[in-house]
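Notes for the one structure printed next.
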């Protein structure tokens with residue numbers, strides 16, 4: 001369902017935190033239509049294992065569009081095993097130049113346990129500053145909260161969970177029903 005047909009669709013906060021040799025991606029489970037929560041337990045963080053190479057991805061935006069991008073990313077990873085950055089750049093190139101993919105409305109945060117990237121439909125592959133990336137409706141709230149905790153002795157998972165709790169308290173399109181995937185460490 002395209003957002004122009006259903007402009008009231010909102011939901012999702014995804015955060016990626018890299019700290020202490022591990023990377024955690026966490027996402028909430030809420031999907032809303034206007035002022036109504038449609039689902040509270042959506043799973044927006046996934047583990048991919050193309051060719052035995054572990055990657056964790058979280059998505060914000062249209063679910064069908066995100067699944068299309070995840071499938072494309074898996075294909076790119078199979079073609080370039082162990083080269084997450086290259087696979088992300090190849091996906092972003094396709095996303096930017098393919099007329100079908102250009103219409104997809106989603107964003108991804110991906111990690112292989114070492115690198116952390118945000119992939120956008122504008123052709124961007126961004127490695128976040130300060131080892132924190134966040135996308136979605138409550139992304140800026142989670143990002144600010146996590147950045148404030150990065151200099152503490154909290155683990156990557158603790159930072160991600162606490163930041164998501166803060167985002168859920170502020171953003172009406174974010175809930176506390178988390179999916180958390182850890183890689184590395």
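In full-length UniProt numbering, the protein residues as written are 1 to 185.
Backbone N, C-alpha and C fix where the C-beta goes; we use that ideal spot for every residue, glycine too.
By the 16-neighbour rule on beta-carbons within 10 angstroms, residue 169 is exposed. Taking all protein chains shown into account, residue 153 has fewer than 16 neighbouring C-beta atoms within 10 Å of its C-beta and is therefore exposed.
Nearest to residue 70 by alpha-carbon distance, out of 96, 151, 139, 91, is 91.
Listed in chain order, the beta strand (DSSP E) elements of length 3 or more contained wholly in the region 56–105 amount to none. Per DSSP, the continuous alpha helix (DSSP H) segment holding residue 157 begins and ends at 156–170.
Counting along the chain, the unbroken beta strand (DSSP E) around residue 184 starts and ends at 179–184. Taking the C-beta atoms as reference points, residue 25 is found no nearer than 9 Å to residue 136.
Counting of Cβ neighbours within 10 angstroms places residue 73 among the buried residues, the total reaching 16 or more. In the displayed model, residue 147 falls within a helix according to three-state DSSP. Comparing alpha carbon positions, the residue from 121, 164, 54, 104 closest to residue 133 is 164. An exposed status is given to residue 97, since fewer than 16 other beta-carbon atoms sit within 10 Å of its beta-carbon.
Under DSSP, no beta-bridge partner is assigned to residue 43. Nearest C-alpha to residue 22 among 173, 160, 113: 113. Judged by beta-carbon spacing, residue 158 lies within the 9 Å limit of residue 149, meaning their Cβ atoms are closer than that value. For residue 26, the uninterrupted beta strand (DSSP E) segment begins and ends at 22–27. The closest CA to that of residue 120, considering only 75, 77, 65, is found on 65. Annotated as distal: residue 84 and residue 94, with beta-carbon spacing of 9 Å or more.
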